[in-house]
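Student: If you want the numbering used here, it's the position in the sequence shown, counting the first as 1, plus 16. Note that beta-carbon positions come from the ideal geometry of N, C-alpha and C, so glycine has one too. A single structure is presented below for examination.
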Amino acid sequence: MKIIAYLKPHCGWSRGVRAVMEKYQLPFEDRDIWNDIHQRVEMIQKSGQELSPCVEINGHMLADVSGDEVEAWLLAQKLVQPSGTQAGVPTDRGCSDEEHAAQRGEIPVHFKG
17 MKIIAYLKPH CGWSRGVRAV MEKYQLPFED RDIWNDIHQR VEMIQKSGQE LSPCVEINGH
77 MLADVSGDEV EAWLLAQKLV QPSGTQAGVP TDRGCSDEEH AAQRGEIPVH FKG
């Protein structure tokens with residue numbers, strides 16, 4: 017199975033997709049669309065839209081998906097078997113407001129020492 021995942025390094029949705037890949041021990045190419053404009057352009061060209069994550073599995077593009085949606089598609093296609101293993105992170109949501117604020121530097125960091 018060939019999997020290419022167009023992801024952001026700091027996105028809750030992207031973390032959910034990575035967690036599903038780890039849950040099923042699926043090797044995949046993690047393409048950074050945040051720091052590599054060429055990967056972002058490729059994602060847009062292949063998916064026909066700008067939202068992420070996008071996951072291409074054996075040539076089939078799943079555009080703007082959550083980890084839950086990727087997992088459901090993999091199960092429906094019988095590419096994986098149901099697993100009782102937990103993903104370890106939420107696979108059905110993006111970052112919280114607090115995480116977004118931290119990414120923008122709005123939450124002060126206090127160093128101890």
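Sort out for me which residues DSSP pairs CYS70 with in a bridge.
Tutor: Answer by DSSP bridge pairing, in chain order: TYR22.
Student: Report, in whole angstroms, the separation of the C-beta atoms of ALA35 and VAL81, which I expect to be a contact under 8 Å.
Tutor: About 13 Å; that fails the 8 Å criterion.
Student: For the putative contact between LEU78 and MET17, defined by C-beta atoms under 8 Å, what is the C-beta separation to the nearest angstrom?
Tutor: Not quite, the Cβ-Cβ distance comes to about 13 Å (not below 8 Å), so this is no contact.
Student: Determine the closest residue to ASP52 out of GLU66, TRP29, GLN102 and LYS24, with distance taken between C-alpha atoms.
Tutor: Nearest option by C-alpha distance: LYS24.
Student: How many Å lie between GLN41 and PRO69 at the Cα?
Tutor: The alpha-carbon atoms of GLN41 and PRO69 are separated by roughly 19 Å.
Student: How many Å lie between ILE49 and GLY100 at the Cα?
Tutor: C-alpha separation (whole angstroms): 31 Å.
Student: Leaving out five residues on either side along the sequence, give the residues of the same chain with a beta carbon under 6 Å from the beta carbon of ARG45.
Tutor: Note that residue 45 is Glu in the sequence shown here, rather than Arg. Once the five neighbours on either side are set aside, the close Cβ partners of GLU45 are ILE20.
Student: Whole-angstrom Cβ separation of ASP108 and GLY75, contact assumed at under 8 Å?
Tutor: Rounded, the Cβ-Cβ distance is 26 Å, inconsistent with contact.
Student: Put ASP48 into one of helix, strand or coil per three-state DSSP.
Tutor: In this structure, ASP48 counts as strand in the three-state DSSP scheme.
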